[in-house]
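Taking it in order: structure first as structure tokens, then the write-up.
Residue numbers (our numbering): 646 to 910.
What follows is the structure in structure tokens.
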């Protein structure tokens, strides 16, 4: 499908850039990432859409395998979803009005002042902030909106399992997280955000997961992969053992991280 000035987005394109771009930590395990990562709630999008005056064009940046793109598709005439990982984008769901593009966040072929909403879900902490924000300001329409969305550390209702998750995160993997992870721990409140900020409510994602779903999710952690590259032991062993006697379904929660703004006048 082609729509107006976005006709060039009807196929995949790849651009070589001589600028700092986001780290690609997830291409090698792109299918696992798609299957195991939590889905975003429609409530998150509806909170953002309250501030978006037009619904013609959206840009989902750092789209991965389309976890947030699939929410945008029914609400916009056209969505451009970009990521530096072709492998991730290949696992994204198909929609007539969505074009998936292999492009860096900091420099795209998106036309100037053409976008109503820019979204970044669980990815902005990997970006070159200054370069990305210049690109956002270039492509946004005068009343356009930018939203950075994410989710924090998983929380389990089962106290014993939750302690093991905390131990894994803060102790076992302490030295294996990329430095950018601190922005997640700080709930995106310390990322630069040079926009006129909008008030957003505190939200959470709630699920009932099986033991296998939990283990699959933990296996997507970049720090876990860094650990496994240097050690032969299984950092999930204690959790795996505890899960053998756990209930069939586990109540899990993720705190939602969200910053929403418009270009300052």
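Don't be surprised by glycine CBs; every beta carbon is placed ideally from N, CA and C.
Length of the line joining the Cα atoms of residue i and residue j
i, j, result
"residue 875", "residue 820", "12 Å"
"residue 809", "residue 865", "17 Å"
"residue 867", "residue 822", "7 Å"
"residue 896", "residue 902", "20 Å"
"residue 849", "residue 785", "28 Å"
"residue 671", "residue 730", "Confidence at residue 671 is low in this model, with a pLDDT of 43, below 50, so its placement is unreliable and the value that follows should be read with caution. Approximately 8 Å, taken between the alpha carbons."
"residue 880", "residue 812", "10 Å"
"residue 667", "residue 746", "Summary for residue 667: the model assigns pLDDT 47, below 50, so the residue's position carries little reliability; its value from the coordinates is reported in the next sentence. One C-alpha to the other measures close to 15 Å."
"residue 724", "residue 732", "19 Å"
"residue 856", "residue 891", "8 Å"
"residue 807", "residue 800", "6 Å"
"residue 826", "residue 754", "29 Å"
Beta-carbon proximity check, residue i vs residue j, cutoff 8 Å
i, j, result
"residue 700", "residue 722", "yes"
"residue 805", "residue 887", "yes"
"residue 841", "residue 766", "no"
"residue 737", "residue 726", "yes"
"residue 761", "residue 845", "no"
Member of the options whose CA lies at the smallest distance from the CA of residue i
i, options, result
"residue 763", "757, 770, 781 and 754", "781"
"residue 704", "792, 850 and 817", "792"
"residue 683", "890, 908 and 863", "863"
"residue 742", "894, 910, 715 and 790", "715"
"residue 871", "854, 824, 898 and 831", "824"
"residue 734", "719, 709 and 752", "709"
"residue 694", "789, 885 and 816", "789"
"residue 893", "751, 752, 687 and 854", "854"
"residue 878", "692, 847, 817 and 770", "817"
Residue i, enclosing beta strand (DSSP E) - first and last residue
i, result
"residue 884", "Note, residue 884: premise wrong, no beta strand (DSSP E); alpha helix (DSSP H) at 882-888."
Range of the contiguous alpha helix (DSSP H) that encloses residue i
i, result
"residue 615", "The requested residue 615 is not part of the displayed model; the chain covers only 646 to 910."
"residue 777", "774-784"
"residue 867", "867-875"
"residue 714", "714-717"
Supposed close pair residue i, residue j - CB separation, criterion 8 Å
i, j, result
"residue 836", "residue 774", "7 Å"
"residue 814", "residue 900", "That belief does not hold up - the Cβ atoms of residue 814 and residue 900 are roughly 14 Å apart, past 8 Å."
"residue 833", "residue 904", "6 Å"
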